[in-house]
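Report on the structure given below.
See the structure below:
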């Protein structure tokens, strides 16, 4: 299991970390984003989604559960399960339709998915620390290990 720790001292550094992660996952994958409310999961996702070619606004999918981005490098689906009451809601929304080999899935609050989500390639824990944010990327698959090996310093 490969682990990479990165410090992000401000919002720009969070977006940069997201951009680097996006560039490290050229062939899709599944990323679990974990951290407290306000830790910066959506900020990091914004950097990643923009790195994949999206030029518009990136908003939190807190109320819609998923924001799809159909991009030239392949689709990115940004999930925020914070307000999910029951994992069965994911089945009703057709969650499995998003699980395609070329898709990149970003999942905030994955623990609320109740076992209906695919296993992550990378698990990212965002910790709020006095210096800003400590990002701990853990590779949980061969794809995740390859991505962290490509992650620019």
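Residue numbers (my numbering): 330 to 482.
All C-beta atoms, glycine included, are put in the ideal place defined by N, C-alpha and C.
- With respect to residue 351, residue 333 sits apart: the two C-beta atoms are not nearer than 9 Å.
- Residue 364 and residue 433 do not touch by the CB rule: their CB atoms are close to 19 Å apart, not below 8 Å.
- Distance check between residue 416 and each of 440, 428 and 344 places 440 closest, using alpha-carbon atoms only.
- Under the DSSP assignment, residue 372 falls in the alpha helix (DSSP H) whose first and last residues are 370–380.
- In this structure, DSSP gives residue 440 a helical state, which the three-state scheme calls helix.
- Residue burial annotation: residue 466 is buried, with at least 16 other C-beta atoms found within 10 angstroms of its C-beta.
- Annotated three-state conformation of residue 361 is strand, per DSSP.
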